[in-house]
Every structure is written in structure tokens, then in C-alpha cells.
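In what follows, a structure is listed as C-alpha cells, so that the remarks can point back to it.
Protein chains in written order, with this note's numbering: chain A, 436 to 919; chain B, 436 to 919.
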């Protein structure tokens with residue numbers, strides 16, 4: 436997190452970040468090709484590291500290493516952290532190994548681990564062996580934590596103080612270490628065994644009397660997470676309490692790292708993308724890389740769910756084929772199969788959407804699973820009644836008989852109630868079982884609803900045809916008093 | 436943002452925030468009912484303001500004001516900012532008007548404006564009239580900005596320095612104003628006309644030589660947003676550059692406020708919920724309040740889309756009814772209507788999901804709309820081919836004739852391609868027109884696809900029945916060499 440090097444533009448909006456990267460990339464390529472390296476340095480000077488990284492990423496591979504070498508060392512490290520993994524890797528191959536090591540050695544440990552996650556195991560082993568012992572130890576330690584936990588998300592660069600320091604001493608420690616740590620705004624207090632005993636903010640420190648001891652200034656009730664805490668829970672805690680950082684402790688409550696708010700934003704976004712992709716029957720990738728992956732990867736991420744859905748709809752086909760008789764006798768029954776399937780599917784999608792999102796944003800927890808499902812069941816029935824008002828007149832007119840209208844009406848109510856129950860119940864059930872609530876995607880739920888709905892509809896119609904055949908001859912014209 | 440007052444718990448995970456609020460609320464109610472106010476104060480002492488707010492929100496209305504009065508003034512203001520709008524309002528009614536005014540006067544201007552958004556206009560007018568002139572002026576100014584813009588999101592509490600201050604002077608200004616401003620970590624430099632001329636972080640300030648002037652320490656290339664910049668663009672800029680805050684300037688580039696990272700997390704989350712609700716055909720509310728609103732509000736937020744979808748599926752019914760002839764002759768054609776509609780709907784949902792999310796996370800912009808749609812068209816065709824392999828054998832067996840299989844095959848290809856085109860094209864078109872890309876929800880796209888798909892399927896079958904009637908007699912048994 437580097438709020439220090441703000442940069443760029445008299446342009447008062449941030450709208451044009453992408454266009455700006457385009458322009459910079461074009462100019463950069465021209466200047467590099469012309470060998471005008473001083474102009475390159477001038478061009479990049481006011482540009483933010485993340486924008487420099489984007490511009491370099493768009494250069495032809497052969498020019499990337501050239502552009503990268505023109506950056507100052509501090510800048511190079513920061514730009515490197517923002518590059519796409521594929522560009523990071525190609526630079527590793529093109530730069531001399533001394534240059535590579537210098538960059539990797541200076542990266543912050545959490546960014547280095549994220550890079551190592553993407554590199555081939557062989558390259559990682561070689562780089563690890565060449566790191567300084569201190570950096571190697573911390574990197575190996577971070578790599579040992581499970582993916583998507585606080586341990587993987589945290590950085591080990593933080594400032595720890597002792598209770599016996601006074602505020603003036605503490606401030607000089609902060610000054611000395613300001614350049615090398617990720618944040619200096621959250622400060623941590625540990626005892627001789629590195630146990631976390633308190634926390635204070637730089638705000639507390641600068642407003643404290645210089646001779647006051649840290650033990651008096653700090654807050655002793657500290658909210659912390661464990662190294663194996665799920666990254667989503669870390670994100671939710673930081674969001675809930677408006678923190679800038681959260682300390683991570685090991686089983687013995689020793690302080691091992693901190694998670695900062697900038698990483699948390701990315702976790703929240705990644706989680707939202709996963710929920711949305713689940714709702715849209717797209718398998719989520721590791722990153723939000725859909726638009727840069729090639730078409731076959733895209734197809735692979737979509738075809739699995741489509742195949743599952745097609746196989747599920749074979750059952751609907753079977754249900755229809757098995758009820759060929761009644762459809763042959765009353766062909767207009769067919770006209771309402773899509774309407775009923777669609778309504779059931781949509782109600783189911785609505786219920787699973789709100790429940791999955793509610794689980795993610797932790798807004799459903801206060802209600803509890805039982806009451807949440809009951810609410811959805813009632814909502815489904817209520818929606819069924821409302822739909823009935825809209826659909827019944829059309830069904831009677833278009834179906835040309837009371838039999839079709841009654842079948843549609845009964846099954847509409849049954850389907851909306853069932854769909855809401857299934858749509859809310861599945862995600863909550865999976866969540867209870869410790870699985871991902873979005874495991875069965877929304878379209879899967881809608882397909883299940885479709886099969887059941889079609890069955891209910893055709894069975895209702897068959898039953899009516901046998902037991903109340905007179906309904907077949909009550910057409911809207913008759914009811915309106917016009918003999919047929 | 437108050438990272439200073441961290442609190443609570445030897446419990447090393449944040450998982451149990453909700454349960455903890457439950458426990459606190461129960462104990463709180465008991466102690467209040469028993470009149471043991473000292474114990475209430477002790478109970479709440481280590482609890483975070485947001486958790487206190489949640490516990491107070493769960494109390495019976497009659498006890499809420501009582502609990503609130505037991506908080507210290509500073510605490511009361513912070514807790515009040517975290518209360519649900521309905522509880523805020525009921526407290527306003529139950530507290531004496533002097534008490535109310537004290538709280539409202541001390542709230543930070545952005546939180547106050549958010550409260551006023553929820554209150555009846557009459558109450559807002561009364562409260563505004565009673566505020567001190569300075570607070571009234573800033574509140575009225577913020578209320579004047581459009582909802583969901585930087586102007587509405589920003590706070591006017593920031594620290595501004597002058598270029599001629601030296602670092603030591605600046606640090607003493609920061610110390611003096613630390614308690615009253617939202618953040619002291621981003622510092623702003625303005626000229627005599629309040630124009631923003633530079634920015635520096637507290638990190639820069641504490642590491643600067645005491646006699647160095649601010650003009651030398653600050654960064655002059657400042658990224659800022661305008662008061663009317665959309666809140667999503669503000670959020671994306673803070674996320675992209677890992678900022679803690681972003682300055683907001685008016686048309687004359689005068690500094691009028693800052694947006695802080697904690698507000699940005701909520702914007703990103705709100706936006707993700709909207710995308711997801713659009714995908715699930717649920718109308719998004721102002722807040723993520725689905726599980727606390729009553730069933731009729733829930734039904735209202737869902738029934739509109741359901742009604743639109745039902746009316747759209749009347750068209751599918753019409754298409755089927757108009758093709759009664761061909762269905763009467765080949766009843767088994769009916770068996771594939773749900774499969775084709777479902778596949779088209781799912782491919783369309785996938786395409787609109789990735790495009791809507793790509794527009795939100797700004798990951799699609801680099802590709803441009805034309806190439807994005809072309810990619811989806813190709814992806815749709817590719818998925819159609821893959822589906823064909825799976826569906827054709829089943830269609831031939833279940834449909835009992837080559838006519839059904841050929842109709843299913845041709846329309847499957849046409850439908851997946853069409854669905855991907857429409858699914859990607861609609862959101863991009865709306866975005867181009869300056870509308871919300873999620874305006875036409877995913878289910879609407881799937882319903883459009885459904886109508887077109889059914890039409891293509893039945894027209895293909897009719898055409899084949901007239902022009903290639905011999906296909907009807909080619910059944911899978913015949914092809915396998917078994918005479919029928």
C-alpha cells in the first residue's frame with residue numbers, strides 16, 4: 436500500500452484509466468523503438484506504478500524487458516508487483532538472473548508469494564534458493580499456509596513496539612522503519628515472546644504525550660484473526676469495523692503478520708464475481724481473467740454446467756414423452772410448458788440469488804436458516820397468487836378450455852412455492868454442511884424446478900381429464916354466454 | 436474511519452460477530468430490565484461501536500433509548516452512526532430534542548447526510564434549522580449533490596496544509612486536528628483560494644526533516660475526482676491505486692472533500708449485489724436490506740420482473756399455439772422445447788453475466804465492445820457444437836425419428852449462437868447508451884432467447900415436414916438395421 440506516491444493528471448476524473456494506459460503504451464512503444472530512453476523516463480515519471488505496469492504489459496514482449504530496465508530500482512519493484520503473472524514470468528526469463536533476484540528479493544513477501552503461486556515449481560525452487568536467508572524463511576513460511584487464508588493474504592512487514600517504549604521512542608522507531616513496511620498507520624505491541632498484547636494507531640501515537648509509555652496509550656482489547664482464518668472472514672471483519680489492517684496471530688497468539696485493507700477490497704470483489712458466475716452457470720477461474728483467456732478455456736469454463744443442465748433437461752423431455760397421451764388429446768396444454776417452467780425457474784433463481792448473496796454479505800445470519808427458508812416459502816406462495824391474477828385469464832383464453840386454465844392455475848401455485856423452497860433451501864443446506872452455498876448454481880436449481888414443475892402440470896392435467904372431463908368443454912366463449 | 440478504538444475478545448477469529456451480538460443483546464436486555472446500569476457500562480466497555488449498535492438494534496424499542504443514554508457522548512455518536520436507519524429514526528423520536536441535536540451536531544457530515552436521506556423531509560428541515568451555522572452549511576451543501584456521486588460520498592473533514600508550512604509546523608497542525616478529522620493519514624495542500632496544489636501522506640510528513648517545507652515534500656501530480664464523479668468510478672480508482680483516500684474537487688479545482696477507503700468497500704459491495712440481483716431478476720433496494728424487509732416489500736421487488744417474464748413467455752405460448760399443426764403431427768417434438776429453451780437461456784445468462792461483471796470490474800474495457808461481442812458469438816457457436824455431440828444421440832433416440840433429431844440439431848446451433856450474441860450485446864449496448872448494463876436483467880435476455888429459440892425450432896420442423904417428409908420415417912431402429 437503506497438499512498439505516498441500519488442500521481443498524474445490535471446484531469447479531474449479517474450474514468451479514463453484504461454484509455455490513458457493505451458496512450459502511454461503507444462507513446463512508450465514509439466520512444467523505445469526510437470531508442471529515446473530519456474524521453475521514456477520523462478513520459479513515465481508522473482505515471483502511477485499500476486498504470487506503468489499496464490502500459491508495459493501491452494508492449495511487445497521484446498520491448499518489455501527494455502522498458503523495465505529504464506525504471507529506477509524502487510519503481511521497478513513496485514511496477515513488477517502490479518504486472519500480470521504472464522508478463523512477470525516472461526520478464527523473469529528475459530532479465531539476467533542478477534536483475535531478477537534483485538527485484539524478487541525486494542518485493543514485499545505477500546506479493547512475492549502471489550508471484551510464486553503462478554510460477555513453475557522449478558523456477559520457484561531456484562529463486563527460493565537464491566534469496567537471502569531472512570527473505571527465504573519468511574517466503575517459505577507464507578507458502579506453507581493454505582490458499583485463501585489469512586496466512587496467505589498477510590504481509591510480514593509491520594511495525595511492532597514494546598510496552599516500555601515511550602511515545603517519543605516509538606515515533607522514532609516508526610520514522611526509521613517507515614520506508615520498509617507496508618503500513619505505518621497501525622502499530623502493534625508485543626511482549627518478549629512476540630505475543631500480541633496491544634495495538635495503537637499512528638493517530639494515537641502522534642497525539643500522545645512524548646513521555647507517555649506505549650503500555651498506557653495502546654488498546655489492550657485487540658481483534659485478531661488466526662493464520663488459517665478464511666480470507667472472506669478476514670475481509671468481512673475489516674469491512675465491518677472500518678479497519679485499515681488486522682493482525683494475524685498463530686496458535687500461541689504470537690503476532691505473525693497483518694492483513695491490510697487494500698488486499699481486502701480484492702477479496703470482496705473476487706467473492707462477488709464468484710457468486711455472480713455461480714448464478715450465471717460459469718465456472719469461476721482463479722482470477723477475474725475471463726476476457727483475457729482464450730476461447731477454449733472460456734468454452735471449458737461454461738460447457739460443464741451446460742452439459743449438466745442439458746442432462747437435467749433430458750428428464751423434462753422424459754416427463755413430456757411419458758405424458759404424450761394427454762398432450763395428444765389437449766395439444767394446447769403444450770403452450771404453457773415454457774411459461775410454467777420459466778416462472779418456476781425465475782422464482783427459484785430469485786430465492787437462491789438473495790440467499791447466496793445474504794450468506795456472502797453475512798446479512799442472512801441474524802435470521803437463521805429455518806426462518807430464512809420459511810420466509811422464502813411464504814414469498815413463493817405469495818408470488819404464485821400474484822402471478823395467478825395475471826396468468827389465469829390468458830390461460831383460459833389461449834388454452835380454450837377450463838381444463839387447461841385449472842391445470843395451469845394449480846401447478847403455478849405449486850411450482851412457485853416449490854421453487855422458492857428449493858432455491859432457498861439448497862444454498863442454506865450446503866452452507867450448513869460446510870460446502871460452498873453456490874456449489875449447485877442457480878441454473879441447476881431452475882432446471883430441477885423445471886422437471887418437477889412439468890411433472891406436476893401434466894399429472895394435474897391427466898387427473899383432471901380422467902376425473903373432471905366436463906372441464907374440457909367449458910371454453911371461454913361458453914362461459915361468456917356465447918354458444919360454441 | 437476510526438482504527439483507534441480497536442476492541443474486544445481473546446477469541447482469535449472474527450467468525451462469531453453475529454453470535455456475539457446476540458449474546459451481548461441478551462445480557463444487555465436483562466441488565467437494563469434489572470436497572471443495573473453500571474453493569475451495562477461494564478458489559479459494553481470492550482465492545483466495538485458497530486457491535487454495540489447491532490446489540491442496541493435488537494433490543495425492544497422501549498429499551499433502546501435507555502441503553503443509548505448510558506453511552507458516553509463520544510461513544511453515542513459513533514454508535515448512532517452504525518445503527519439501522521429505522522432505529523436511528525425511532526431514537527430521534529424517543530430522545531429529548533436537546534439530546535438528539537447533540538448527537539446529530541457531532542456526527543461526521545457524510546454520515547449525517549446518509550441519515551437525512553432516510554428521514555422524513557419535515558424532520559430533516561427541523562434538524563437542519565437547529566444545527567450550528569457551520570454544520571448546517573456543510574450539510575446543505577452535501578445534500579445538494581446527486582445521490583451516488585463523489586459529492587455525496589465524501590466527508591468535508593480533512594486536514595489541509597499550506598506549502599509554506601514546514602514539516603514541524605505541519606505535524607503540530609495534524610496533532611491539533613487529529614481528533615476531529617476522519618483521517619490524518621492523507622494530507623492535502625491548498626493555496627489561498629483553496630485550490631488543491633499537492634498531497635502528502637503522514638508517512639511522508641513523519642519521515643521529512645522538521646525544517647523542510649511542505650512544498651518540497653508534497654507530490655504535485657495529484658489524482659482527484661470531481662463532485663459529480665459516479666461513486667463506482669471513485670471506488671475503482673481507490674481500488675486500482677491502493678489509496679486510503681481520494682480528494683474531491685469542484686469545477687474550479689478547489690478542494691471540497693475526500694472519499695475514504697472504508698466507504699469505498701461498501702460501494703463495491705453494493706454494486707456487486709446489484710449485479711447479482713439483476714442476474715437473479717430481483718429489483719435491488721437502496722441497501723442490502725432484503726432479509727429485514729417485510730414479505731410484501733420482498734414480493735414487490737420480485738413480482739415486477741416475474742410479470743415481465745410471464746408476459747414475455749406469453750409470446751412463447753403464442754409461437755407454440757400457432758404451430759399446433761406440426762406438434763399434433765409429431766408430438767415428440769414437444770419433448771425438446773424445454774431443452775432448447777433451457778440451453779439458449781443458460782448460454783444467454785452466461786454471456787450476460789460475464790459481460791455485466793466485466794463492465795463492473797472494468798476488465799472488459801481493454802477489449803472493446805465489438806471484439807467482446809464477437810468473442811461471445813464464437814464462444815456461443817463453439818458451445819453449440821459441443822452440446823450437439825451430447826444432445827443429438829439422445830434426440831434421435833427419444834424423438835424416434837431423424838426429423839426430430841435434425842430439427843433439434845439445427846436449432847441448437849442457431850440458438851446458442853443467438854443467445855450468446857444477445858446476452859453479450861444487450862448489456863454492452865446499454866452501457867454505450869449511458870444506461871445501466873444490468874437494466875435488462877439476465878432472465879429477460881433468457882426469455883427473449885426462449886421465444887426466438889422456440890420459433891426457430893418449430894419453423895425448422897415445419898419446413899422439414901413439408902420439404903423432407905421422408906426424414907420422419909427414418910427412426911433409430913431402422914438406421915440400426917432393425918426393420919420397424
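Ideal Cβ positions, reconstructed from N, Cα and C, are used throughout, including at glycine.
Original post:
For residue 907 (chain A), which of A:767, A:472 and A:518 has the nearest alpha-carbon?
Top reply: The count along the first chain starts at 1 and reaches residue 907 (chain A) at position 472. Among A:767, A:472 and A:518, the Cα nearest to that of residue 907 (chain A) is on A:767.
Subject >> Helix, strand or coil at residue 716 (chain B) [DSSP, three-state] >> reply: As a first step, residue 716 (chain B) must be located in the second chain, where it is residue number 281. Note: residue 716 (chain B) maps to coil in three-state DSSP.
Original post:
Is any beta-carbon of chain B found at less than 8 Å from that of residue 868 (chain A)?
Top reply: Here residue 868 (chain A) corresponds to residue number 433 of the first chain, with the count starting at 1. No, its Cβ sits nowhere closer than 8 Å to a Cβ of chain B.
Original post:
Are there 16 or more other CB atoms within 10 angstroms of the CB of residue 739 (chain B), so buried, or fewer, so exposed?
Top reply: Against the second chain, residue 739 (chain B) aligns to sequence position 304. The residue is exposed, with fewer than 16 neighbouring Cβ atoms inside 10 Å.
Subject >> Proximal residues of chain A, C-beta to C-beta of residue 473 (chain B) below 8 Å >> reply: Here residue 473 (chain B) is taken as the residue at index 38 of the second chain, counted from 1. Those do not exist, as residue 473 (chain B) stays about 19 Å from chain A at its closest Cβ, beyond 8 Å.
Original post:
With contact counted as at least three CB pairs below 8 Å, one residue from each stretch, are the stretch 849-862 of chain B and the stretch 782-795 of chain B in contact?
Top reply: yes
Original post:
Just reading off the alpha helix (DSSP H) that residue 823 (chain B) is part of, what are its end residues?
Top reply: By one-based count along the second chain, residue 823 (chain B) stands at place 388. Residues 804-834.
**OP:** Please check if any C-beta of chain B sits within less than 8 Å of the C-beta of residue 853 (chain A).
**Re:** For the purposes of this step, residue 853 (chain A) is taken as the residue at position 418 of the first chain. No, because no Cβ of chain B sits closer than 8 Å to the Cβ of residue 853 (chain A).
Original post:
residue 828 (chain A) CB to nearest chain B CB: under 8 Å?
Top reply: In the first chain, residue 828 (chain A) corresponds to position 393, counting from 1. Residue 828 (chain A) does not count as touching chain B.
Original post:
Run through DSSP, which three-state label would residue 517 (chain A) get?
Top reply: Looking up residue 517 (chain A) in the first chain gives position 82. It is helical.
Original post:
Based on the DSSP secondary-structure assignment, which residues constitute the bridge partners of residue 636 (chain B)?
Top reply: Residue 636 (chain B) sits at position 201 when you count from the first residue of the second chain. Residue 636 (chain B) is bridged to B:621.
Subject >> Alpha carbon of residue 902 (chain A) to alpha carbon of residue 788 (chain B), nearest angstrom >> reply: Walking along the first chain from the start, residue 902 (chain A) turns up at place 467. Walking along the second chain from the start, residue 788 (chain B) turns up at place 353. Going from the Cα of residue 902 (chain A) to the Cα of residue 788 (chain B) covers about 46 Å.
Subject >> residue 781 (chain B): contacting residues in chain A (beta-carbon distance under 8 Å) >> reply: Residue mapping note: residue 781 (chain B) aligns to position 346 of the second chain, counting from 1. Ordered by position in chain A, the residues that pass the 8 Å Cβ test against residue 781 (chain B) are 716, 740, 741, 744 and 878.
Subject >> Alpha carbon of residue 548 (chain B) to alpha carbon of residue 807 (chain A), nearest angstrom >> reply: Here residue 548 (chain B) refers to the residue found at position 113 when the second chain is read from its first residue. Here residue 807 (chain A) refers to the residue found at position 372 when the first chain is read from its first residue. Their Cα atoms are separated by approximately 32 Å.
Subject >> C-alpha gap between residue 854 (chain B) and residue 717 (chain B), whole angstroms >> reply: If you number the second chain from 1, residue 854 (chain B) lands on position 419. If you number the second chain from 1, residue 717 (chain B) lands on position 282. Approximately 21 Å between the Cα atoms of the pair.
Original post:
In the DSSP assignment, what residue or residues form a beta bridge with residue 648 (chain A)?
Top reply: Your numbering for residue 648 (chain A) matches position 213 in the first chain. Answer by DSSP bridge pairing, in chain order: A:601.
Subject >> Listed by chain order, chain B residues near residue 785 (chain A) by CB distance under 7 Å >> reply: To locate residue 785 (chain A), count along the first chain from 1; it is residue 350. Within chain B, the residues near residue 785 (chain A) are 715, 716, 717 and 737.
Original post:
Excluding sequence positions up to five away, which residues of its chain have a Cβ less than 6 Å from the Cβ of residue 551 (chain A)?
Top reply: In the first chain, the residue the question calls residue 551 (chain A) occupies position 116. Cβ neighbours of residue 551 (chain A) beyond the five flanking positions: 559.
Original post:
Checking contacts by CB at 8 Å: is residue 817 (chain A) closer than that to chain B?
Top reply: Walking along the first chain from the start, residue 817 (chain A) turns up at place 382. Residue 817 (chain A) counts as touching chain B.
Subject >> Alpha carbon of residue 736 (chain A) to alpha carbon of residue 893 (chain A), nearest angstrom >> reply: For the purposes of this step, residue 736 (chain A) is taken as the residue at position 301 of the first chain. For the purposes of this step, residue 893 (chain A) is taken as the residue at position 458 of the first chain. Using only the alpha carbons, I get a separation of about 35 Å.
Subject >> Terminal residues of the alpha helix (DSSP H) in which residue 849 (chain B) lies >> reply: In the second chain, counting from the first residue as 1, residue 849 (chain B) sits at position 414. Element bounds for residue 849 (chain B): 837-867.
**OP:** Please state if the CB of residue 483 (chain A) and the CB of residue 526 (chain A) are separated by a distance shorter than 8 Å.
**Re:** Along the first chain, one-based indexing puts residue 526 (chain A) at 91. Along the first chain, one-based indexing puts residue 483 (chain A) at 48. Going by C-beta atoms, residue 526 (chain A) is not nearer than 8 Å to residue 483 (chain A).
**OP:** Would you identify the three-state DSSP class for residue 905 (chain B), choosing helix, strand or coil?
**Re:** The residue given as residue 905 (chain B) occupies position 470 in the second chain. Note: residue 905 (chain B) maps to helix in three-state DSSP.
Subject >> Span separating the alpha-carbon of residue 642 (chain A) from that of residue 606 (chain A) >> reply: Residue mapping note: residue 642 (chain A) aligns to position 207 of the first chain, counting from 1. Residue mapping note: residue 606 (chain A) aligns to position 171 of the first chain, counting from 1. Straight-line Cα distance between these residues: approximately 11 Å.
**OP:** Please compile the residues from chain E whose C-beta is within a distance smaller than 8 Å of the C-beta of residue 807 (chain B).
**Re:** In the structure shown, chain E cannot be found, because the protein chains are A and B.
**OP:** Give the interface partners of residue 810 (chain A) over in chain B, defined as CB-CB distance under 9 Å, in chain order.
**Re:** As a first step, residue 810 (chain A) is located in the first chain; it is residue number 375 there, counting from the start. Neighbours of residue 810 (chain A) on chain B, chain order: 726, 730 and 733.
**OP:** Could you tell me whether the Cβ of residue 536 (chain B) comes closer than 8 Å to any Cβ of chain A?
**Re:** Start at 1 with the first residue of the second chain, and residue 536 (chain B) comes out as number 101. Residue 536 (chain B) does not count as touching chain A.
Subject >> Cβ-based neighbour list, residue 574 (chain B), same chain, cut-off 8 Å, excluding 5 preceding and 5 following >> reply: Within the second chain, the letter at position 139 stands for residue 574 (chain B). 544, 547, 548, 551, 563 and 566, listed in sequence order.
**OP:** Output, in sequence order along the chain, the residues in the stretch 700-714 of chain A whose CB is closer than 9 Å to any CB in chain B.
**Re:** 700, 701, 703, 704, 706, 707, 708, 710, 711, 712 and 714
**OP:** Can you tell me which of B:852, B:579 and B:786 puts its alpha carbon nearest to the alpha carbon of residue 816 (chain B)?
**Re:** Here residue 816 (chain B) refers to the residue found at position 381 when the second chain is read from its first residue. That would be B:852, whose Cα lies nearest to the Cα of residue 816 (chain B).
**OP:** Determine which residues of the stretch 577-609 of chain B have a Cβ less than 8 Å from any Cβ of chain A, and write them out in chain order.
**Re:** 606 and 609
**OP:** State buried or exposed for residue 831 (chain B), treating a residue as buried only when at least 16 other CB atoms are found within 10 Å of its CB.
**Re:** As a working note, residue 831 (chain B) is residue 396 in the second chain. Buried is the call here.
Original post:
Based on Cα-Cα distance, which residue from A:629, A:584 and A:638 lies nearest to residue 609 (chain A)?
Top reply: Sequence index remark: in the first chain, residue 609 (chain A) carries index 174 (1-based). Closest by alpha carbon: A:638.
Original post:
Mapping DSSP to helix, strand and coil, what is residue 506 (chain B)?
Top reply: As a position in the second chain, residue 506 (chain B) is number 71, starting the count at 1. Coil at residue 506 (chain B), not helix or strand.
Original post:
Is the distance from the Cβ of residue 632 (chain A) to the Cβ of residue 626 (chain A) below 8 Å?
Top reply: Against the first chain, residue 632 (chain A) aligns to sequence position 197. Against the first chain, residue 626 (chain A) aligns to sequence position 191. For residue 632 (chain A) and residue 626 (chain A), yes; Cβs fall inside 8 Å.
Original post:
Given that residue 862 (chain B) touches chain A, what residues does it touch there, using C-beta distances under 7 Å?
Top reply: Position 427 of the second chain, counted from the start, is the residue given in the question as residue 862 (chain B). Those within 7 Å of residue 862 (chain B) in chain A number zero; the least Cβ separation is about 12 Å.
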